[in-house]
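A.B. asks:
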Amino acid sequence: MNLPKFLFADDGDYTEDNPREFVIHNHWPRFIMEFVDGAGTPHFYDPEAEIIAGELKAGREPTALISRLMREAGDFYSNYLKDEE
């Protein structure tokens, strides 16, 4: 089964006092980006050491992967919010 790259979610209790929303990244490396008041924080499922080692073994810079994924998750979140307006 092919899962979508990103999914949007909330914790079912979104209010102004609890403004948490989430973007779930389903491909490797798997993570949830938690957005509170528009600021995102990643929470990785896959161990960060594995991510770094895998990228280095492939001859790639791990920070480039993480930066790209954070930007893509943020863009997905922004586009989702625009579509909801």
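Position 18 of the sequence shown, counted from 1, bears residue number 37 in my numbering, the numbering being contiguous throughout. Every residue gets a Cβ at the ideal spot worked out from N, C-alpha and C, and that includes glycine. Just so you know, these numbers come straight off a predicted model, no measurement behind them.
In whole angstroms, what separates the C-alpha of ARG39 from that of PRO61?
C.D. replies: Straight-line Cα distance between these residues: approximately 13 Å.
A.B. asks: Let me make sure I understand the geometry here. Which of PRO81, SER86 and GLY57 has the alpha-carbon closest to that of ALA68?
C.D. replies: Here the closest residue by C-alpha is PRO81.
A.B. asks: Within 10 Å of its beta-carbon, does PRO48 have 16 or more other beta-carbons around it, so buried, or fewer, so exposed?
C.D. replies: PRO48 comes out buried.
A.B. asks: Going residue by residue through the segment 27-104, where are the continuous beta strand (DSSP E) segments of at least 3 residues, counting only ones entirely within it?
C.D. replies: For the segment 27-104, whole beta strand (DSSP E) runs of length 3 or above, ordered along the chain, are 39-44, 50-55 and 58-63.
A.B. asks: If you drop the 5 nearest sequence neighbours on each side, which residues of the same chain put their C-beta closer than 8 Å to that of PHE63?
C.D. replies: Excluding residues within five positions, the ones whose Cβ falls inside 8 Å are PRO48, ARG49, PHE50 and ILE70.
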